[in-house]
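Residue numbering for the sequence shown is 0 to 143, as defined by numbering that gives the first Met the number 0.
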Amino acid sequence: MQQIIEKIFAAADQHGEDSGEPDHAVGDLQGMLRLAWDIMTVSQRLQLLRKPEFETLLDAGSRGEFDAGDLAAQLTKELSEMEAKAASAGYRFMEGEGGFFWETDEEASEDFHAREDAVADAYRTICGDMPATAVSRQHVRPSS
Numbered sequence: 000m001q002q003i004i005e006k007i008f009a010a011a012d013q014h015g016e017d018s019g020e021p022d023h024a025v026g027d028l029q030g031m032l033r034l035a036w037d038i039m040t041v042s043q044r045l046q047l048l049r050k051p052e053f054e055t056l057l058d059a060g061s062r063g064e065f066d067a068g069d070l071a072a073q074l075t076k077e078l079s080e081m082e083a084k085a086a087s088a089g090y091r092f093m094e095g096e097g098g099f100f101w102e103t104d105e106e107a108s109e110d111f112h113a114r115e116d117a118v119a120d121a122y123r124t125i126c127g128d129m130p131a132t133a134v135s136r137q138h139v140r141p142s143s
């Protein structure tokens, strides 16, 4: 699998060479990172921000204006705001055998590996940003 990322890097470098503009390689890699970020789950984004290697690279270029911890804290704050909005709309966050999920009185989501991803999915469902992963009462709450 490592060969795949190396080929991607080589393609970006080659684009810079072919165009006579070495900055094209950097632009290509920035574009690829944006694409990767867009498809990453919230928990994957937090995992990246918390990697020591990522922190080292970020610290080298941020000139002390921010660090990876600041970015993780910002993402965590945004997630807390999402959760508050979802909770006020009647969403509950649960953990089951298959992972974490959200539910309302009418529907429930698929299972997610991390609670953060269930929160983000509930928020997207409320805002209509993405198709809901909800299914009709996939998870049934135990009766009291």
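Even glycine gets a Cβ: it sits at the ideal position worked out from N, Cα and C. Note that the structure is a prediction, hence the values are computed from the model and not measured.
Asked: Could you give the uninterrupted runs of the beta strand (DSSP E) lying entirely in the segment 67-137, keeping only those of 3 residues or more?; Found: 91-95, 98-102
Asked: Would you say Ser-127 and Asp-104 are within 9 Å of each other, going by their C-beta atoms?; Found: The question names Ser, but residue 127 in the sequence shown is Gly. Not a contact, by the Cβ cut-off of 9 Å.
Asked: Could you give the first and the last residue of the continuous alpha helix (DSSP H) run that contains Arg-44?; Found: 41-48
Asked: Beta-carbon within less than 6 Å of Gly-98's beta-carbon, same chain only, minus the 5 sequence neighbours each way: which residues are those?; Found: Asp-110, Phe-111, His-112
Asked: Mind reading off the beta-carbon distance from Ala-71 to Leu-57? Whole number of angstroms is fine, and I expect it under 8 Å.; Found: Their Cβ separation, rounded to whole angstroms, is 11 Å, which puts Ala-71 and Leu-57 out of contact at 8 Å.
Asked: By alpha-carbon positions, which one of Pro-51, Gly-63, Ala-121 ends up nearest to Ser-79?; Found: Ala-121
Asked: Which value, in whole angstroms, describes the spacing of the CA atoms of Leu-144 and Ser-87?; Found: The question about residue 144 has no answer here: the residues shown for the chain are numbered 0 through 143.
Asked: Find out if the Cβ-Cβ distance for the pair Val-25, Met-81 is shorter than 9 Å.; Found: no
Asked: So the alpha helix (DSSP H) Gly-60 belongs to, where does it begin and stop?; Found: 51-61
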